[in-house]
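Numbering (the numbering used here), first residue to last: 1471 to 1516.
Below you'll find the structure, written out as structure tokens, and then a few comments.
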């Protein structure tokens, strides 16, 4: 599925499940990358 660039649009997806590519832009754009993890053990409080 192709997601077209539209001003004000936010796209979120799990990159390990969705093959994707980033194409060249003609205008300035912003990117935000983050990792949400839950497989690390909880550290004990000191």
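Here a beta-carbon is modelled for each residue, glycine too, at the ideal position from N, C-alpha and C.
Note that the coordinates shown come from a computational prediction; the quantities given were computed from them, not determined experimentally.
query = If you draw a straight line from the C-alpha of residue 1500 to the C-alpha of residue 1489, how long is it?
reply = For the purposes of this step, residue 1500 is taken as residue 30 along the chain shown, with counting starting at 1. For the purposes of this step, residue 1489 is taken as residue 19 along the chain shown, with counting starting at 1. Rounded to the nearest angstrom, the two C-alpha atoms are 20 Å apart.
message = Can you check which of these residues, 1471, 1472, 1476, is closest to residue 1498 by C-alpha distance?
response = As a working mapping, residue 1498 is identified with position 28 in the chain shown. Minimum Cα distance to residue 1498 is reached at 1476.
inquiry  = Please report the straight-line C-alpha distance between residue 1483 and residue 1503, rounded to a whole angstrom.
reply    = Locating residue 1483 in the chain shown gives position 13, counting from the first residue. Locating residue 1503 in the chain shown gives position 33, counting from the first residue. If you take the alpha carbons of residue 1483 and residue 1503, they lie about 11 Å apart.
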